[in-house]
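Novice: Structure incoming, see below.
In the working numbering, the protein residues as written are 3 to 122.
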């Protein structure tokens, strides 16, 4: 059995899980633990996501859209906390309402409404 394990030094048992470079860099650069954020969409609670407070507003919006499995991109949704958007390139923790357990609201951009520019 030892000979079989030695022959498999570079085999599947020694595989390394690869993550996206940005996710690894963000995780290594953050000293703050993830925060639980509840997400409301279409008037109901749709998900709970755990995010680092060092994410930007756009990164949070992207994560929420992906977690909910929605079609479309940034331009199709608004993301707000206490009826106020996040800064697109600001850390989410800088928002006045940010705290563990906060509830963010994802809204569809309606026909004829302006898309979010500089904010979520």
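Each residue gets a CB set at the ideal place from its N, CA and C atoms; glycine is no exception.
#1: Would you identify the three-state DSSP class for residue 86, choosing helix, strand or coil?
#2: Between 116, 102, 106, which lies nearest to residue 34 when the distance is taken from Cα to Cα?
#3: Cutting at 8 Å between CB atoms, please list the residues of its own chain near residue 96, excluding the five before and the five after it.
#4: Can you give me the C-alpha to C-alpha distance between residue 73 and residue 61, rounded to a whole angstrom?
#5: Quick one: complete beta strand (DSSP E) runs, 3+ long, within the region 44-100?
#6: My guess is that residue 58 and residue 93 are in contact by the Cβ rule of under 8 Å, so how many angstroms apart are they, rounded?
#7: If you draw a straight line from the alpha carbon of residue 39 to that of residue 71, how long is it in whole angstroms?
#8: CB-CB under 6 Å to residue 2, same chain, minus the five flanking residues each way: which ones, in chain order?
#9: Is residue 49 near residue 37, with beta carbons less than 8 Å apart?
#10: Applying the criterion that 16 or more other CB atoms from any shown protein chain within 10 Å of the CB defines a buried residue, is residue 112 buried or exposed?
Specialist: This is what the structure holds:
#1: strand
#2: 102
#3: 89
#4: 16 Å
#5: 46-53, 79-83
#6: 6 Å
#7: 17 Å
#8: Given a span of 3 to 122 for the chain in the structure shown, any question on residue 2 remains unanswerable.
#9: no
#10: exposed
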